[in-house]
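Chains A and B, in that order, are what the protein sequence lines are. Going by the numbering used here, the first residue of the first sequence is number 37, and it counts up by one from there. Going by the numbering used here, the first residue of the second sequence is number 42, and it counts up by one from there.
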Amino acid sequence: MAAVSGLVSGLLKRRFHWTAPAALQVTVRDAINQGMDEELERDEKVFLLGEEVAQYDGAYKVSRGLWKKYGDKRIIDTPISEMGFAGIAVGAAMAGLRPICEFMTFNFSMQAIDQVINSAAKTYYMSGGLQPVPIVFRGPNGASAGVAAQHSQCFAAWYGHCPGLKVVSPWNSEDAKGLIKSAIRDNNPVVVLENELMYGVPFEFPPEAQSKDFLIPIGKAKIERQGTHITVVSHSRPVGHCLEAAAVLSKEGVECEVINMRTIRPMDMETIEASVMKTNHLVTVEGGWPQFGVGAEICARIMEGPAFNFLDAPAVRVTGADVPMPYAKILEDNSIPQVKDIIFAIKKTLNI
Amino acid sequence: MRKMLAAVSRVLSGASQKPASRVLVASRNFANDATFEIKKCDLHRLEEGPPVTTVLTREDGLKYYRMMQTVRRMELKADQLYKQKIIRGFCHLCDGQFLLPLTQEACCVGLEAGINPTDHLITAYRAHGFTFTRGLSVREILAELTGRKGGCAKGKGGSMHMYAKNFYGGNGIVGAQVPLGAGIALACKYNGKDEVCLTLYGD
């Protein structure tokens, strides 16, 4: 009897070998596609227009499959006239629709910046609250690979400067999907600054992100990595570089707190201040040019707020080089913040 | 003196009944409607254009005249206020007094006569007349021009940024309103409603 029970308990103790289900990996491109698809399905008034968004499936394939699913009425190919089609999108928004206006890159949005700022951003205020403009401007922003000066500018500072606009800058897939959905549902003009080099990068998609109502609130930053020695604030692709730098420094005993801003305007200063008050050091990292940039604004606001008294060293900005983006690879690589630049800035701030 | 005599005579004649024959003679000088010939327009992607004759009834005529007079007087007053520096910044008017002789009240009134209130209209910066014909009151317009919170945009818009239902301003950047108007028309087409958007440009 004892032998039998021993055998049974032995059998019961053995479990079948099992692995955890593979986490769902979704690229940033697919996340944006999903977000737009869900919003197009949810609300009849949402539509997408831009160059190559329909029949070509999107210049960067972000709108793949949408034209096949929704047709000509809701996915509209436009001629190469940003000022024209951005104006049309703003007019449609004024008349009650909810357009998503895609710029092939934000460099081309300069052609249409009058419509974005003067016709979209300022209108709700100028009309005394009578005329909302529920539009989303989206597209890749910032440096790509080898596309040189006229195609590599970062517009976070330019658009972040303007009252009346909301500006978001997603880093990973979760950010991309949550922010594009929030942007489409927002009744204000929202500029979504994506990144071409991030489109193909897969990230783990948590279960809540797979829901059709997954939203990330605009105006809230996320602490990607907890730390105690220094606060590193960034947005878009450089967030990845910051995390890499943090991993390297962790081996040396320096724990960095990495904050992913997610939203440029309205900026989540509470999260940044709370972190600086904890760590006493600040480094900002961005891809754009230094003068009047996102980092400059963060530093100014830190000085104006309670966190200033907690700083043990001046805040340092790591930015793109103050030149039009060069073409040669070696020059281009050295014109955007690299992991080594971030590590250098952190060590300089910490005086190690 | 002359005025007093005229007033006295009016009072005295008003007291007595007018003979019927005199009334009939008086009414023979007024017509009840008028017919106008309209120049034939060039057509673009249309089979037939608007009619080449139209009839204006007395009622409509008086209504339009009243509207035009209101716009004229409002613009003249705005001009005066602008010269007194009570209206600041830009003040582009429909009347004949500011810069060039531009008596444009008829444009606003005539366009409004041709469309329904459910149609849409967008124009450039010379917008006061259209703001009135699209439904706002003179009070709201003048309050906006003088920067008061009773203005249609609560004083935050000014001369060039007045909005009303189905009226999209008032746009300061020359030419910006053209694609905006196309966008509004796209929305009309998208919604499947039988509405038109008038987009105005060129002074």
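Note that CB positions come from ideal geometry on N, CA and C, so glycine has one too.
With a cutoff of 9 Å on beta-carbon distance, S272 (chain A) and P206 (chain A) are scored as near each other. Chain order gives no chain B residues near K105 (chain A), where near means a beta carbon separation below 8 Å; the closest approach is about 17 Å. Within its own chain, the residues whose Cβ lies closer than 8 Å to the Cβ of C193 (chain B), once the five positions on either side in sequence are excluded, are T172, L177, E181, I182, A184, E185, M203, Y204, A205, listed in chain order. Per the DSSP secondary-structure output, I266 (chain A) pairs in a beta bridge with A:C292.
In the three-state reduction of the DSSP assignment, F144 (chain A) falls in the helix class. With respect to chain B, the C-beta atom of M162 (chain A) has a partner C-beta closer than 9 Å.
Residues are counted here when their Cβ sits less than 7 Å from a Cβ of chain B; for the segment 121-150 of chain A these are G123, I124, A125, V126, G127, A128, M130, A131, G132, L133, D150, given in chain order. By the rule that beta-carbons nearer than 9 Å mark a contact, Q262 (chain A) does not touch chain B.
Straight across, the Cα-Cα distance linking G356 (chain A) with E75 (chain A) is about 35 Å. Residue range 146-155 is occupied by the alpha helix (DSSP H) that includes L152 (chain B). If you check the CB distance, C135 (chain B) and R167 (chain B) come in under 9 Å.
Not a single CB atom of chain B sits nearer than 9 Å to the CB of M72 (chain A). In this structure, the alpha-carbon of D377 (chain A) lies about 46 Å from that of S163 (chain A).
One Cα belongs to F208 (chain B), the other to H161 (chain B), and the distance between them is close to 6 Å. In the three-state DSSP reduction, I259 (chain A) falls in the strand class (E or B). Between I254 (chain A) and V290 (chain A) the beta-carbon gap is near 32 Å, outside 8 Å, which marks them as no contact. In this structure, the alpha-carbon of A228 (chain B) lies about 25 Å from that of Q70 (chain A).
Not a single CB atom of chain A sits nearer than 9 Å to the CB of N157 (chain B).
Residue range 111-113 is occupied by the beta strand (DSSP E) that includes D113 (chain A). For Q61 (chain A), the beta-bridge partners assigned by DSSP are A:E240. Looking at the DSSP output, T76 (chain B) bridges to B:V96.
For the set A:K104, A:V126, A:V89, A:G214, the Cα lying nearest the Cα of E244 (chain A) is the one of A:G214. As for any alpha helix (DSSP H) of minimum length 4 sitting wholly inside the segment 183-242 of chain B, the runs are 218-232, ordered along the chain. Around N223 (chain A), no beta-carbon contact reaches into chain B at under 9 Å, the shortest distance being about 16 Å. Nearest C-alpha to G196 (chain A) among A:V330, A:I308, A:F344: A:V330.
Taking a contact as a CB-CB distance under 8 Å, the pair E340 (chain A) and T315 (chain A) does not count as one, their CB atoms being some 19 Å apart.
Contacts with chain B (Cβ-Cβ distance below 8 Å) from the segment 89-117 of chain A involve K109, listed in chain order.
Looking only at A:I379, A:V269, A:S209, A:A349, the smallest Cα-Cα distance to L60 (chain A) is reached by A:S209. In the DSSP assignment, C137 (chain A) is bridged to A:L85, A:F173. Check the Cα spacing between F250 (chain A) and each of A:A281, A:S218, A:K383: the tightest is with A:S218. Not a single CB atom of chain B sits nearer than 9 Å to the CB of L76 (chain A). Counted as a single uninterrupted DSSP element, the stretch harbouring T159 (chain B) is not any alpha helix (DSSP H), since DSSP gives it neither H nor E.
Secondary structure of V352 (chain A) (DSSP, three-state): strand.
Rounded to the nearest angstrom, the gap between the Cα atoms of V112 (chain B) and S200 (chain B) is 14 Å. CA-CA distance, R86 (chain B) to R353 (chain A), rounds to 58 Å.
The C-alpha of G123 (chain A) lies about 45 Å from the C-alpha of F380 (chain A).
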